[in-house]
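What follows is a short report on a single structure.
Residue numbers (full-length UniProt numbering): 1 to 120.
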């Protein structure tokens, strides 16, 4: 069963952050933060709020794991949401490949947008 600690760890890694980076962002020591990830203690409400805000999620998701509602709220396109659900069923290596392709495309798109603005 997924716990608060599991969700915090997942979101930190998903955002490519180290423990010290996230600890600094939410205003706690690294040792204190590690205790949140290792299930030693639960973060107080103010820290949960900072975690949710910084990791772009809800406190409800952190505590209860209510990912579906947050995903629907953030992703307006049902087609896109369904695609992400399907991708989530793939083996980890395949998911990572798709994520890299998406990031590469987005980087290329932003570069083209910036270039077209310079030439306008």
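Built from N, CA and C at the ideal position, the CB exists for glycine as well.
Rounded to whole angstroms, the separation of the alpha carbons of residue 118 and residue 102 is 24 Å.
A contact is defined here as three or more CB-CB pairs under 8 Å, and the stretch 2 to 17 meets this definition with respect to the stretch 49 to 69. The closest CA to that of residue 35, considering only 19, 79, 25, is found on 19. For residue 46, the enclosing alpha helix (DSSP H) has its first and last residue at 45 to 54. Between the stretch 37 to 47 and the stretch 77 to 91, the count of Cβ pairs shorter than 8 Å is below three; the stretches do not touch.
By the neighbour-count criterion, in which 16 or more other beta carbons inside 10 Å mark a residue as buried, residue 26 falls on the buried side. Rounded to whole angstroms, residue 31 and residue 57 show a C-alpha spacing of 23 Å.
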